[in-house]
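**Q** Here this note's numbering runs 1 ahead of the position in the sequence shown, where the first position is 1.
Every residue gets a Cβ at the ideal spot worked out from N, C-alpha and C, and that includes glycine.
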Amino acid sequence: MKITKLTTFIVPPRWCFLKVETDEGVTGWGEPVVEGRAHTVAAAVEELSDYLIGKDPRNIEDIWTVLYRGGFYRGGAIHMSALAGIDQALWDIKGKALGVSVSDLLGGQVRDKIRVYSWIGGDRPADTARAAKEAVGRGFTAVKMNGTEELQFLDTFEKVDLALANVAAVRDAVGPNVGIGVDFHGRVHKPMAKVLMKELDPYKLMFIEEPVLSENYEALKELAPLTSTPIALGERLFSRWDFKRVLSEGYVDIIQPDASHAGGITETRKIANMAEAYDVALALHCPLGPIALAACLQLDAACYNAFIQEQSLGIHYNESNDLLDYVKDPRVFDYDKGFVKIPNGPGLGIEINEEYVIERAAIGHRWRNPIWRHADGSFAEW
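(1) Let's test the definition: count the other Cβ atoms within 10 Å of the Cβ of Asp128 and tell me whether it reaches 16, buried, or not, exposed.
(2) Less than 8 Å between the CB atoms is what I'm expecting for Val34 and Ser82, so what's the real figure, rounded?
(3) For Leu1, count the other beta carbons within 10 Å of its own beta carbon; 16 or more makes it buried, fewer makes it exposed. Which is it?
(4) What does DSSP give as the partner residues of Gly180 in its beta bridges?
(5) Sort out for me which residues DSSP pairs His385 with in a bridge.
(6) In whole angstroms, what is the alpha-carbon distance linking Ser102 and Pro331?
(7) Name the two residues that bound the continuous alpha helix (DSSP H) containing Phe208.
(8) Exposed or buried, what is Glu159 when buried is set at 16 or more other beta-carbons lying within 10 Å of its beta-carbon?
(9) Between the beta-carbon of Ile87 and the beta-carbon of Thr28, is there less than 8 Å?
(10) Could I get the ranges of all uninterrupted beta strand (DSSP E) runs contained in the region 301 to 370, with 3 residues as the minimum, in chain order?
(11) So who's on the other strand from His286, going by DSSP bridges?
(12) Excluding the five sequence neighbours on either side, which residues of its own chain have a C-beta within less than 8 Å of the C-beta of Tyr357, listed in chain order?
(13) Is it buried or exposed for Pro371, if we count other Cβ within 10 angstroms and need 16 for buried?
(14) Report buried or exposed for Asn3, applying the criterion of at least 16 other Cβ atoms within 10 angstroms of its Cβ.
(15) Examine the Cβ distances between the region 174 to 182 and the region 134 to 154 and report whether three or more of them are shorter than 8 Å.
(16) In angstroms with no decimal places, state the Cα-to-Cα distance between Gly339 and Glu311.
(17) When the Cβ atoms of the region 270 to 284 are set against those of the region 232 to 251, are three or more pairs found closer than 8 Å?
(18) Would you call Thr157 buried or exposed, if buried means 16 or more other Cβ atoms sit within 10 Å of its Cβ?
(19) Alpha carbon to alpha carbon, how far is Ile359 from Pro291?
(20) Using the Cα positions of Ala169 and Ala130, report the straight-line distance between them to the nearest angstrom.
(21) Would you kindly work out how many angstroms separate the C-alpha atoms of Trp373 and Ala381, rounded to a whole number?
(22) In terms of DSSP beta bridges, what is Val117 paired with?
(23) Just the Cα atoms here: how many angstroms apart are Ala282 and Leu99?
(24) Between which two residues does the alpha helix (DSSP H) holding Lys20 run?
(25) Where does the unbroken beta strand (DSSP E) through Gly264 begin, and where does it stop?
(26) Work out the CA separation of Val117 and Ala362 for me, nearest whole Å.
(27) Put Lys3 into one of helix, strand or coil per three-state DSSP.
(28) Put Gly96 into one of helix, strand or coil per three-state DSSP.
(29) Just the C-alpha distance for Ser321 and Ile11, rounded to the nearest angstrom, thanks.
(30) Taking Cβ positions, are Val247 and Tyr204 nearer each other than 8 Å?
(31) Give the single residue among Trp30, Thr23, Thr5 and Glu25 whose Cα lies nearest to the Cα of Glu355.
(32) With Leu387 as the anchor, note down where its alpha helix (DSSP H) starts and where it stops.
(33) What separation, rounded to the nearest whole angstrom, lies between the Cα atoms of Val111 and Arg15?
(34) Taking a contact to mean a Cβ-Cβ separation below 8 Å, would you say Glu210 touches Ala233 in this structure?
(35) I'd like the span of the alpha helix (DSSP H) that includes Trp242, first residue to last.
(36) Just how far apart, CA to CA, sit Ile54 and Ala293?
Structure (structure tokens):
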């Protein structure tokens, strides 16, 4: 079997899909994307395709190694996301060729479903209590919300009180047994993280996500002792080498690599296994499309330390298209009582509606994240 063609599709609302074709008629799909840099990642896929044409797609480990190590400069968001989408498509091809799911190829399932959570409240957390109640009404047993709007290095207790009030309203609305994740989204610098993490403790959160930016990881040495809430991060880390220090120093309880950013199924599986050795849980990042979610679910099926899965159904970014629009059978993502079943069809377990992908790719997108500024005019982290 030989790879004959790679085609990328930039589709709304902010995704990039990849189709890999072979001379035996078996095709695979991947989702290589960085939110806000979809065209850049598509260009990186095109550059990497020079090596791929004519190669046997079933030699996944060797192809991954060459695509990662074969360039003198390696790693980072663009390179690893392009590699991720290619890797997902190769696993999809191999599974389809053999008539088995990717999770079967990874050693078989340790679970047949996984808990999922629903995003609530948007970029600027608002009306979160109502949104949380609606999510619980749809069957979700966990929600995640942004914790704050923009915050200066040192900011007012008015903003702290607003953040606490939003979380308190959600807890009051859903009761004590629904999981609440609070995402600081890298908006919070260490001085304010000290205040917020301590003040949030009474609300018995499921986790606090990205309490500081990953590049400021050393701050967790001071922050972790201030709270009993589990600390999660990792969506902006892209390889096992990026996670090595995070795991070895022991301040993180949950890692959140993204299978469309962190080198695909091949690399994310290795990161997850590293984390298991440190007794760290796995909650894969995935506010993306159906191919990314399918890849995550195949990993969740095979990774013992996976405990919950992010998914984008109804997320505030999905205005023009939503998660289920691009799959032929939306029932493949079987949501029930706060869980989603692992698709067990061949490959990634989903069938993409290629005609609709082509139709929407004619429209495309130029999605960009907001640019925020503080009251003094300086840049604010989004």
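**A** Walking through what the data contain:
(1) exposed
(2) 6 Å
(3) Absent from the structure is residue 1, since the part of the chain shown begins at 2 and ends at 383.
(4) Ala143
(5) The structure shown has nothing for residue 385, since the chain only spans 2 to 383.
(6) 18 Å
(7) Taken as a continuous stretch (DSSP letters only), Phe208 belongs to no alpha helix (DSSP H), being part of the beta strand (DSSP E) at Phe208 to Glu210.
(8) Exposed is the call here.
(9) no
(10) 340 to 342
(11) Asp259
(12) Asp326 and Tyr327
(13) The residue in question, Pro371, is exposed, as its Cβ has fewer than 16 Cβ neighbours within 10 Å.
(14) According to the sequence provided, residue 3 is Lys. The question's Asn does not apply to it. Looking at its Cβ environment, which holds fewer than 16 other Cβ atoms inside 10 Å, Lys3 is exposed.
(15) yes
(16) 12 Å
(17) yes
(18) Classification of Thr157: exposed, given that the 10 Å Cβ count is below 16.
(19) 16 Å
(20) 9 Å
(21) 5 Å
(22) Gln310
(23) Each residue's alpha carbon lies about 31 Å from the other.
(24) Lys20 -> not in any alpha helix (DSSP H); beta strand (DSSP E) instead, spanning Trp16 to Thr23.
(25) No residue range can be given for Gly264, since it is assigned to no beta strand (DSSP E) and is classified by DSSP as neither H nor E.
(26) 29 Å
(27) coil
(28) Gly96: helix per DSSP, three-state reduction.
(29) If you take the alpha carbons of Ser321 and Ile11, they lie about 13 Å apart.
(30) Between Val247 and Tyr204, the gap from beta carbon to beta carbon reaches 8 Å or more.
(31) Nearest option by C-alpha distance: Trp30.
(32) Outside the modelled stretch of the chain, which goes from 2 to 383, sits residue 387, for which no answer is possible.
(33) 32 Å
(34) yes
(35) For Trp242, the uninterrupted alpha helix (DSSP H) run begins and ends at Arg241 to Glu250, by DSSP.
(36) Roughly 23 Å separates the two Cα atoms.
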